[in-house]
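Chemist: Numbering-wise (our numbering), the sequence shown opens with residue 36 and increments by one.
The beta-carbon is built from N, C-alpha and C at its ideal position, and this holds for glycine as well.
Values in this document were obtained by computation on a predicted structure and should not be read as measured data.
Take this structure, written in structure tokens, and hold onto it; I'll ask about it next.
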Amino acid sequence: SNRGEWIAETTYKYVGEGKGEFNVIPGTEHDHNHGPNWCHMVACLALLIVLAFVAMLFWPSGGETAYDCMSTSGKDFLAGWSEAQKQWCCEKFGRGCPSG
Numbered sequence: 036s037n038r039g040e041w042i043a044e045t046t047y048k049y050v051g052e053g054k055g056e057f058n059v060i061p062g063t064e065h066d067h068n069h070g071p072n073w074c075h076m077v078a079c080l081a082l083l084i085v086l087a088f089v090a091m092l093f094w095p096s097g098g099e100t101a102y103d104c105m106s107t108s109g110k111d112f113l114a115g116w117s118e119a120q121k122q123w124c125c126e127k128f129g130r131g132c133p134s135g
């Protein structure tokens with residue numbers, strides 16, 4: 036019971052430049068060796084911008100002095116803090132603020 040249908044299937048084999056019977060239609064060949072690939076360049080630039088932005092978010096600022104605002108050693112730990120530390124910790128973490 037040979038039931039079924041047949042289709043003609045054309046195949047091509049690369050035999051070298053200028054040696055075959057068919058040519059590539061100009062403008063349809065994807066040749067990556069001519070000129071810059073703008074998509075990759077834009078993607079790399081966008082990635083660099085995003086990485087620079089993330090780095091700026093987490094990079095410590097040079098103008099700020101970081102204090103240990105979570106230290107609670109001793110009964111009156113605020114007595115050992117300078118006014119600058121109290122002000123900085125109050126602004127950043129709400130600790131060491133003047134009461135009243």
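#1: What's the gap between the Cα of Tyr102 and the Cα of Val85?
#2: Does the beta-carbon of Cys212 have 16 or more other beta-carbons within 10 angstroms, so that it is buried, or is it exposed?
#3: Taking only the alpha-carbon atoms, compute the straight-line gap between Lys54 and Tyr47 and give it to the nearest angstrom.
#4: Indicate the three-state DSSP secondary structure (helix, strand or coil) for Val89 in the structure shown.
#5: Let's see if you can read the secondary structure: which residues bound the alpha helix (DSSP H) around Trp123?
#6: Is DSSP giving Cys104 helix, strand or coil here?
Modeler: In brief:
#1: Your numbering for residue 102 matches position 67 in the sequence shown. Your numbering for residue 85 matches position 50 in the sequence shown. Pairing Tyr102 with Val85, the inter-Cα distance amounts to about 29 Å.
#2: In the structure as shown, the chain starts at 36 and stops at 135, and residue 212 therefore has no counterpart that could be examined.
#3: Taking the first residue of the sequence shown as position 1, residue 54 is located at position 19. Taking the first residue of the sequence shown as position 1, residue 47 is located at position 12. The straight-line gap from Cα to Cα measures roughly 13 Å.
#4: For the purposes of this step, residue 89 is taken as the residue at position 54 of the sequence shown. In the three-state reduction of the DSSP assignment, Val89 falls in the helix class, which pools H, G and I.
#5: In the sequence shown, residue 123 corresponds to position 88, counting from 1. For Trp123, the enclosing alpha helix (DSSP H) covers residues Glu118 to Phe128.
#6: For the purposes of this step, residue 104 is taken as the residue at position 69 of the sequence shown. DSSP places Cys104 in coil when its eight states are reduced to three.
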